Amino acid sequence: MLRPNESLSSRISPWLARILYPLGTYFILPLFFNRLEVRGQENIPRTGPVILAPTHRSRWDAIVMPFTTGKWASGRDLHYMISSNEYKGIQGWFMKRLGGFPVDTQRPSISSFRHSINLLRRGEALVIFPEGDIFRDDKVQPIKSGVARIALDAQSHLPQEEVQIVPVSLSYSQRYPTWGCNVRVTIGEPIAVSSYNSDSMRKRAKRLTADLESALREVHEGESIPEEQYWMPSAS
């Protein structure tokens, strides 16, 4: 457990990434899921600071995200802010080596916010689950203001660059995904953080949070893709 004044870091192991991307794309995902539907990969900015903000439905989310939005999909390495509860065991071992860093979702530390801001200032792509914890009912939950505050703070240090937030919907055909279930990933259009440049930080964060929640609901509750348009990794 990190102490309040202890700094965070996140790194990506090149050798592990080289092994896991093909393994996950051509073996793990096709073996576990019956269908994997992805739409909107063109909405992921290829450069510049960006937060990918997905709904959170399962521990599988941390596996599905890199293979549908990461290196092989967008050309970008992803860093992850994940719940300290998910930063344990075998999943935690992998996440530590693939860009992950922990956060206490009930009592977020200053170090987790500071590290997130520093990643964005370096132009990195960061995944934050704005609902906080896993919710199994497949409805978008009221989101927390942390994502907006991180994005706004980073934007204040990057007057010549655009920080963007991309809403992402992850939806499974089962509340507790098991072998043979379906998963749908819908990637919405980016939100430009620089347009939230008036009023106090509190008011700007409130507006941005409301707009992000609205965007998440829009992509999550949109129409399903016809069966013939489902995409399987093994066919890519």
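Numbered according to the UniProt record's numbering, the sequence shown spans residues 1 to 236. A virtual CB, placed ideally from N, CA and C, is assigned to each residue, including glycine. If you're wondering where the values come from, they're calculated on a predicted model, not measured in any experiment.
> What is the residue span of the alpha helix (DSSP H) that G92 lies within?
Replying inline: Working through the sequence shown from its first residue, we reach residue 92 at position 92. Segment 89-97, the alpha helix (DSSP H) holding G92.
> Of the choices C181, R121, I12, whose alpha-carbon is the least far from that of V163?
Replying inline: In the sequence shown, residue 163 corresponds to position 163, counting from 1. Residue R121 is the option with its Cα nearest to V163.
> If G123 sits next to G48, beta carbons under 8 Å apart, how far is it from one beta carbon to the other, in whole angstroms?
Replying inline: Position 123 of the sequence shown holds residue 123. Position 48 of the sequence shown holds residue 48. Going by Cβ atoms, the distance from G123 to G48 rounds to 6 Å, so yes, they are a contact pair.
> Can you name, in chain order, every residue of its own chain whose Cβ lies under 7 Å from the Cβ of D138, other than the five neighbours on each side?
Replying inline: Position 138 of the sequence shown, counted from the first residue, corresponds to residue 138. Result list for D138: R57, S171, in chain order.
> Per DSSP, what kind of secondary structure is S198 in: helix, strand or coil?
Replying inline: As a first step, residue 198 must be located in the sequence shown, where it is residue number 198. Three-state result, S198: coil.
>> Within the continuous beta strand (DSSP E) that includes I28, where are the two ends?
In response: Within the sequence shown, numbered from 1, the residue matching residue 28 stands at position 28. Premise fails: I28 is in no beta strand (DSSP E) and is neither H nor E.
>> I'd like the list of long-range same chain contacts for R211, defined as Cβ closer than 7 Å, with 5 residues on each side in sequence excluded.
In response: As a working note, residue 211 is residue 211 in the sequence shown. The sequence shown places Asp at residue 211, rather than the Arg named in the question. So the list reads I191, once near-sequence residues are dropped.
> Taking the C-alpha atoms as reference points, what is the distance between R39 and A73?
Replying inline: Along the sequence shown, one-based indexing puts residue 39 at 39. Along the sequence shown, one-based indexing puts residue 73 at 73. Rounded to whole angstroms, R39 to A73 spans 11 Å at the Cα level.
> Mind checking G75: buried by the 16 CB within 10 Å criterion, or exposed?
Replying inline: Here the question's residue 75 lines up with position 75 in the sequence shown. Exposed, by the Cβ-count rule.
> Could you give the uninterrupted runs of the beta strand (DSSP E) lying entirely in the UniProt domain "Phospholipid/glycerol acyltransferase" (50-173), keeping only those of 3 residues or more?
Replying inline: 50-54, 78-83, 100-103, 125-128, 164-172
>> So, does the region 126-138 touch the region 25-36, judging by three or more C-beta pairs under 8 Å?
In response: no
> What separation, rounded to the nearest whole angstrom, lies between the Cα atoms of L158 and G180?
Replying inline: Along the sequence shown, read from residue 1 onward, the residue named residue 158 stands at position 158. Along the sequence shown, read from residue 1 onward, the residue named residue 180 stands at position 180. So the two alpha carbons sit approximately 45 Å from each other.
> Using the C-alpha atoms, what's the distance from Q160 back to G222?
Replying inline: In the sequence shown, counting from the first residue as 1, residue 222 sits at position 222. In the sequence shown, counting from the first residue as 1, residue 160 sits at position 160. Roughly 34 Å between the two C-alpha positions.
> Span of the beta strand (DSSP E) holding L36?
Replying inline: Numbered from its first residue, the sequence shown carries residue 36 at position 36. Its beta strand (DSSP E) spans residues 35-39.
> Starting from I19 and walking both ways along the alpha helix (DSSP H), at which residues does that stretch end?
Replying inline: The residue you call residue 19 lines up with position 19 of the sequence shown. 14-23 is the extent of the alpha helix (DSSP H) around I19.
>> Given a cut-off of 8 Å on the beta-carbon distance, is the pair V140 and T55 in contact?
In response: The residue labelled residue 140 in the question sits at position 140 within the sequence shown. The residue labelled residue 55 in the question sits at position 55 within the sequence shown. Yes.
> If we ignore side chains and look at the alpha-carbon of each, how far apart do M232 and Y196 end up?
Replying inline: Counting from 1 along the sequence shown, the entry for residue 232 is found at position 232. Counting from 1 along the sequence shown, the entry for residue 196 is found at position 196. Only weak support exists for where M232 lies, its pLDDT of 47 falling under 50; the coordinates are left without a value.
> For W15, which of Q41, R97, E218, M81 has the nearest alpha-carbon?
Replying inline: Counting from one through the sequence shown, the residue named residue 15 turns up at place 15. For the residues Q41, R97, E218, M81, the minimum Cα distance to W15 belongs to R97.
> Is DSSP giving T47 helix, strand or coil here?
Replying inline: Along the sequence shown, one-based indexing puts residue 47 at 47. Correct three-state label for T47: coil.
> Given L119, which residues of its chain have a CB within under 6 Å of its CB, disregarding the five upstream and five downstream residues?
Replying inline: Looking up residue 119 in the sequence shown gives position 119. The answer, listed in chain order, is H79, L126.
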